[in-house]
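Each residue of the sequence shown is one higher than the one before, starting from 1378 at the first, in this note's numbering.
Some notes on the structure that comes next.
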Amino acid sequence: MTLTDEIIKLKKEKRAVILAHNYQRPEIQDIADYVGDSIGLSKKAMEEKETEIIVFSAVDFMAESAAILNPDKKVLLPTLGARCPMAQMLTVDEIKRWKVHYPLVPVVLYVNTLASAKAYCDICCTSANAVEVVESLNAETVLFGPDRNLAEYVQRKTGKTIIPIPERGFCPTHLLFQPEDVQMLKMKHPDAVVMVHPECTLEMQNVADFIGSTSQMCRYARESNAKTFIVATEEGLLHRLRKENLGKQFILAYEDAVCPNMKLNTLERLYTALKEEKHVITVPEPVAKRARKALERMF
Ligand code: SF4
């Protein structure tokens, strides 16, 4: 029996569901029940009434969100060390520090934060709905974290004053993209459409034909008549884009744009996680309760 067969067998025996983020390795995406972004996946898990175990192949904060939204299910993260460096950049102390200066200003946090931070915000957002969430608030100034590029994108779109917390939070993978690389690719593929994630720099966003989250990129590629796309986000998304759009060509805007944390998950680790039911991700209830409120407000 292959490892894939073993995983499928175990999954059935244990009434488990496998969720894989868009940045996971192709072989993990292929075996998953659902592939998507973090919040889309957590919502899917909520719909799975018969499921007892969720294996969330991604990084720490995504498994935490799944645990917060699915308190009656066991949430497993295949690799304990799979941590998002951007999420680690915003601590509770940092939020409290900013709140001292801006006590009446609402705090909007990107879901790419730890549960402890979410518990101290007014509302969460994703890169897909950040603009809508900020627009929905009855406030002209907003504290927003942890990604500075996304904060500035929201400021440009809404015209509101967005204060980034921390001052320079970033995703190391999305910072790898450079407009010069896109320009080189455009010389070879002049008709290509350039899709850029809002975690990329302003310079990268300025060369984009389309700016959006991973789920928005998938929809845009599906609905577009274009045949070639230059994509500026983590390379894992290209597997899904190619699978869903046969006949269209997808080129990564920078060939080493890999999130090492996401790639810590392997089929072997997924198998062990399911077999030994580890690593169980839990969030203490007082923190989970507050973080759940911030997530539910977003929904
Ligand atoms: S791609 Fe960036 S934001 Fe996403 S998990 Fe990796 S480091 Fe974090």
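Glycine included, every Cβ here is placed at the ideal spot set by N, Cα and C.
Just so we're clear, the structure is a prediction, and the values are computed from it rather than from any experiment.
Query - Simplified DSSP assignment, three categories, for A1505 - result: The sequence position of residue 1505 within the sequence shown is 128, counting from 1. Here A1505 sits in coil by DSSP.
Query raised in the report: If we ignore side chains and look at the alpha-carbon of each, how far apart do V1573 and V1584 end up?
Result: Position 196 of the sequence shown, counted from the first residue, corresponds to residue 1573. Position 207 of the sequence shown, counted from the first residue, corresponds to residue 1584. Distance between the alpha carbons of V1573 and V1584: 8 Å.
Query raised in the report: When DSSP labels each residue in this structure, what does Y1648 get in the three-state scheme?
Result: Walking along the sequence shown from the start, residue 1648 turns up at place 271. Look at Y1648 here: in three-state DSSP terms it is helix.
Query raised in the report: Taking any heavy atom of the ligand SF4 as the mark, which residues have a C-beta closer than 7 Å to it, listed down the chain?
Result: Taking a cut-off of 7 Å from the heavy atoms of the ligand SF4, the residues with a C-beta inside it are Y1400, V1436, C1461, P1462, M1463, A1464, N1489, C1548, P1549, T1550, H1551, E1576, E1611, C1636, N1638 and M1639.
Requested in this report: Identify, in the order they occur along the chain, each residue of the same chain with its Cβ nearer than 6 Å to the Cβ of L1672, setting aside the five sequence neighbours on each side.
Outcome: Taking the sequence shown and counting its residues from 1, the one referred to as residue 1672 is at position 295. So the qualifying residues of the chain are C1501.
Query raised in the report: Since T1518 is in the beta strand (DSSP E), which residue starts that stretch and which ends it?
Result: Numbered from its first residue, the sequence shown carries residue 1518 at position 141. For T1518, the enclosing beta strand (DSSP E) starts and ends at T1518 to G1522.
**Report entry** Straight-line Cα distance separating P1543 from E1512
**Finding:** Counting from 1 along the sequence shown, the entry for residue 1512 is found at position 135. Counting from 1 along the sequence shown, the entry for residue 1543 is found at position 166. When the Cα atoms are used, E1512 and P1543 turn out to be separated by approximately 21 Å.
Query raised in the report: So Q1626 is in the beta strand (DSSP E); what residue range does that whole segment cover?
Result: Translated into positions along the sequence shown, residue 1626 becomes position 249. DSSP places Q1626 inside the beta strand (DSSP E), whose first and last residues are Q1626 to L1629.
Query raised in the report: CA-CA distance, S1382 and L1467?
Result: As a first step, residue 1382 is located in the sequence shown; it is residue number 5 there, counting from the start. As a first step, residue 1467 is located in the sequence shown; it is residue number 90 there, counting from the start. Inspection of the sequence shows that residue 1382 is occupied by Asp rather than by Ser. When rounded, the distance between both Cα atoms is 40 Å.
Report task. Report the rounded CA-to-CA distance for L1641 versus G1613, giving the unit in angstroms. Result -> As a first step, residue 1641 must be located in the sequence shown, where it is residue number 264. As a first step, residue 1613 must be located in the sequence shown, where it is residue number 236. In this structure, the straight-line span from the alpha carbon of L1641 to that of G1613 is close to 13 Å.
Query - Under the three-state DSSP convention, the category S1590 falls into - result: For the purposes of this step, residue 1590 is taken as the residue at position 213 of the sequence shown. In the structure shown, the three-state DSSP call for S1590 is coil.
Query raised in the report: For D1586, which residues from the same chain have a beta carbon less than 6 Å from its beta carbon, with the 5 sequence-adjacent residues on both sides left out?
Result: As a working note, residue 1586 is residue 209 in the sequence shown. So the qualifying residues of the chain are V1570 and V1571.
Requested in this report: Look up M1378 in the DSSP assignment and give the residues it is bridged to.
Outcome: Translated into positions along the sequence shown, residue 1378 becomes position 1. Note: M1378 sits in no beta bridge, so no partner.
Query raised in the report: Which class does P1426 belong to by DSSP, given the choice of helix, strand or coil?
Result: Along the sequence shown, read from residue 1 onward, the residue named residue 1426 stands at position 49. Pro is not the amino acid found at residue 1426; the sequence shown has Lys there. In the three-state reduction of the DSSP assignment, K1426 falls in the coil class.
Requested in this report: Would you check if there are 3 or more beta carbon pairs closer than 8 Å linking the segment 1469-1477 to the segment 1422-1431?
Outcome: Output reads no: the segment 1422-1431 does not touch the segment 1469-1477.
Query - Proximity below 8 Å, CB of T1649 to CB of Q1626 - result: Residue numbering aside, residue 1649 sits at position 272 when the sequence shown is read from its first letter. Residue numbering aside, residue 1626 sits at position 249 when the sequence shown is read from its first letter. No.
Query - Pair within 8 Å by beta-carbon distance, L1527 and W1475 - result: For this step, residue 1527 is matched to residue 150 along the sequence shown. For this step, residue 1475 is matched to residue 98 along the sequence shown. Contact flag unset, no.
Query raised in the report: To the nearest whole angstrom, what separates the beta carbons of H1551 and T1490, a pair I think is in contact under 8 Å?
Result: Locating residue 1551 in the sequence shown gives position 174, where the first residue counts as 1. Locating residue 1490 in the sequence shown gives position 113, where the first residue counts as 1. Taking 8 Å as the upper bound for CB-CB distance, H1551 and T1490 are not in contact here, some 16 Å apart.
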